[in-house]
Amino acid sequence: MCIGIQYLAQGYWGIVALGLIFAVYYFLEDRHFQLTVKWARDVESPPSPDLGKYDDIVSPIYKLLRFRGNELKALKHLSHSVLSAAQALPAAAITLDRSFHIEWCNGLAEKMLGLSYEQDKGYNIFNLVRLPEFFEYAQNGDWSHSFVTHMESDGQFRCLKFDLNQYSEEGILMLCQDITQLEKLRTTQQDFVANVSHEIRTPLTVLIGFLETLQDLPPEAVSPEQRKQYETLMHEQAQRMLAIVADLLTLSTLESTQASGGQKLVLAQLIESAGQLAHSLSKGKHKFIFEIDEKLAIHGQQTEISSAISNLMTNAVRYTPTDGTITVSWYKDNKGNAVFSVNDTGLGIAKQDIPRITERFYRVDKSRSRASGGTGLGLAITKHIVIRHNAKLVIDSEINKGSTFSIIFPPDSIINEPNIRSSKKLAVHA
Ligand code: ADP
């Protein structure tokens, strides 16, 4: 090469050739440099494959950048997923530093505790959640048990459960859950157990009383008539307990099972059977009127619907004095609903009691209900059945005038719409 250049450089053409070589060399060198500079201004774009000797520097840097970029993307994705999951938590979640300063909180924390992430970031949590007992709980350091309190949250008085967890040297996770419903359920369960115990204990006490009397008295002290009377009363009390247990089982089955398939029910037939029961309970003391659309049928569960209509009819008998009238109707109203209703001219129910009579064991007049063999669960069972059939229980009553209990089935539960005029049966029984 050197000899070649020496040879060329000896003449005029040699100088020109040498100049050309340098010019080309300079041009290429500058081009590689410009392309490298261009890439350096946008390092995320792939470098040109024509970087010459600069490629030895650019390629490893570009590879490293891509690797780090992918790592960053994965990290971003992970942190986005973790934050989304924390936002979706069914609890207020707040991360705090060791001195209880807010680092981050989710949307529910903002809603439940009135925090604002943007404004409250860095503030001490105890300045914002102002509960002296919670401050003591947090300072005490024993966080193995939750801290439960009642306070106003999101515009309502609620029962809140707080938990603190040290998740790292520097970080504390604070969780707050609304347990108002759970508390209510617990109270309802406790009331229910207390009610059941009370209901069962009453007949049991009477039963044991008679048994002890019979045991303690010498046989000759009790006449056969008296013994017979005691036995009848004991039998009544045992029957009462059995009725309560049977109703409790029915209620529990209704609460714990899904509504099952059902079938076509021509209610006229079920009303007739329930009517026979109501008649025998009435012992001829009431006048019955039946206004029944015999063709009107619905889709429903037979045993459940039978139980509901029979409960409403027997209640009408039990809470209507002698000579009262009980009117049972089954018809389609002008909105297309199928309506079963029982109207009586009985005692009626005071306005304030109406919303409560479907509660378990709620009675307007305890002694009357017990005396007439009521368990206090009939309407609770009826309401469950009605809800399971997407129907509505409507109670209309006026004290000393009478009551009307109606089950309103929606139009879509009616089947086999009669295409001939529906026939009405009007029956009056004394
Ligand atoms: P019970 O076994 O006590 O009858 P229910 O759940 O069937 O239990 O009824 C709850 C209460 O509703 C009854 O104790 C009674 O006070 C009131 N009640 C139900 N039906 C009637 C009615 N037709 N007339 C007046 N009060 C009624």
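Heads up, the sequence shown is in UniProt numbering, so the first residue is 1 and it goes up one at a time. We put the beta carbon where it would ideally sit given N, CA and C, even for glycine.
Contact check between the stretch 206 to 214 and the stretch 144 to 155: fewer than three CB pairs, one atom from each, fall below 8 Å, which does not count as touching. Within the stretch 156 to 219, the runs of alpha helix (DSSP H) at least 4 residues long that lie entirely inside it are, in chain order, 180 to 216.
If you look at Leu265, you'll find it in the beta strand (DSSP E) that goes 263 to 266.
Around the beta carbon of Val24, fewer than 16 other beta carbons lie within 10 angstroms, which makes this residue exposed. Rounded to the nearest whole angstrom, the CA to CA distance from Ile395 to Phe340 is 12 Å. Shown here, Val342 sits in a strand according to DSSP, grouped into three states.
For Trp13, the three-state secondary structure derived from DSSP is helix. Secondary structure in the stretch 11 to 81: the alpha helix (DSSP H) runs of 4 residues or longer, each lying completely within the stretch, are 12 to 41 in chain order. Exposure of Arg368 is indicated by the presence of fewer than 16 other C-beta atoms within 10 angstroms of its C-beta. Under DSSP, Trp104 shares a beta bridge with Thr95.
As a beta-bridge residue in DSSP terms, Phe147 pairs with Phe162. For the stretch 226 to 280, the full-length beta strand (DSSP E) segments reaching 3 residues or more read 263 to 266 along the chain. Between the C-alpha atoms of Ala86 and Asn70 there is a straight-line separation of about 24 Å. If you look at Leu393, you'll find it in the beta strand (DSSP E) that goes 392 to 398. Boundaries of the beta strand (DSSP E) harbouring His299: 297 to 300, taken from the DSSP string.
Every unbroken stretch of the alpha helix (DSSP H) spanning 4 or more residues and falling wholly within the stretch 349 to 373 is given here in chain order: 366 to 371. Distance from the Cα of Lys264 is smallest, within the candidate group Lys295, Gln276, Ala243, Leu72, for Lys295. Burial of Ile381 is indicated by the presence of at least 16 other C-beta atoms within 10 angstroms of its C-beta. DSSP, read as helix, strand or coil, puts Lys111 in helix. In this model, Ser329 and Ser252 are separated by some 30 Å (Cα to Cα). Burial of Gln177 is indicated by the presence of at least 16 other C-beta atoms within 10 angstroms of its C-beta. Burial is judged here by how many other beta carbons sit within 10 angstroms of a residue's own beta carbon; Ile61 has fewer than 16 and is exposed.
For Glu294, the secondary structure class from DSSP, reduced to helix, strand or coil, is coil. Per DSSP, the continuous beta strand (DSSP E) segment holding Thr327 begins and ends at 325 to 332. Exclusion of Leu281 from the 8 Å shell around ligand 1 follows from its C-beta lying no nearer than that to any non-hydrogen atom of the ligand.
Considering only Glu304, Leu347, Arg356, Gly374, the residue with the shortest C-alpha distance to Leu281 is Gly374.
Comparing alpha-carbon positions, the option among His286, Glu304, Arg227 lying closest to Asp247 turns out to be Glu304. Distance check between Ala308 and each of Asp323, Arg388, Gln352 places Arg388 closest, using alpha-carbon atoms only. Around the beta carbon of Glu170, a 10 Å sphere encloses fewer than 16 other beta carbons of the protein chains shown; the residue is thus reported as exposed.
The alpha-carbon of Asn127 is positioned some 15 Å away from that of Tyr137. Boundaries of the beta strand (DSSP E) around Thr404: 402 to 409. Taking non-hydrogen atoms of ligand 1 into account, the C-beta of Leu242 is found less than 8 Å away from none of them.
Between Ile102 and Leu173, the CB-CB gap reaches or exceeds 9 Å. At a Cβ-Cβ threshold of 9 Å, Phe361 and Asn195 count as neighbours. Straight-line spacing of the CA atoms in Gly262 and His235 works out to 36 Å. Counting C-beta atoms within 10 angstroms of its own C-beta, Lys383 has 16 or more neighbours from the protein chains shown and is therefore classed as buried.
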